[in-house]
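Mind the numbering: the sequence shown is residues 1 to 76 in our numbering, read in order. Down below is the structure, laid out as structure tokens.
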Amino acid sequence: MPRLTYLRIKNYRALRDVEFRDLTPLSVFIGPNGSGKSTVLDALAFLEEAVNGNLTQAWEKRNRFAGMRTRGSEGN
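Following this line, the structure appears as structure tokens:
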């Protein structure tokens, strides 16, 4: 079974550029409130829904396309 060993999240909600290396089958995210732990899990859920379902539905489910990018990020 394939497994995730590396993850990089850029400009997703409050996360500007976060990188996780050498992930194991059981990884634990620890940090203070507001540090982005739930955002990492939401990004993983979004990715799974977009790959296995429909990208548009994944966006609509979150009802926050504008929130997909962090404030101040460059690009259109």
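Backbone N, C-alpha and C fix where the C-beta goes; we use that ideal spot for every residue, glycine too. The structure presented is a predicted model; accordingly, all values stated were derived computationally and were not measured.
Residue i, buried or exposed, once every other Cβ within 10 Å from all chains shown has been counted against 16
i, result
"F46", "buried"
"V40", "buried"
"R13", "buried"
"I30", "exposed"
"G36", "buried"
Reference residue i; option with closest CA among the options
i, options, result
"L7", "M1, P25, L44", "L44"
"S27", "T5, E48, K10", "T5"
Three-state class that DSSP yields for residue i in the structure shown
i, result
"D17", "strand"
"Y6", "coil"
Start-end ranges of the alpha helix (DSSP H) lying completely within the stretch 25–66, minimum 4 residues: Runs of the alpha helix (DSSP H) lying entirely within the stretch 25–66, each at least 4 residues long, are 37–52, 55–62 in chain order.
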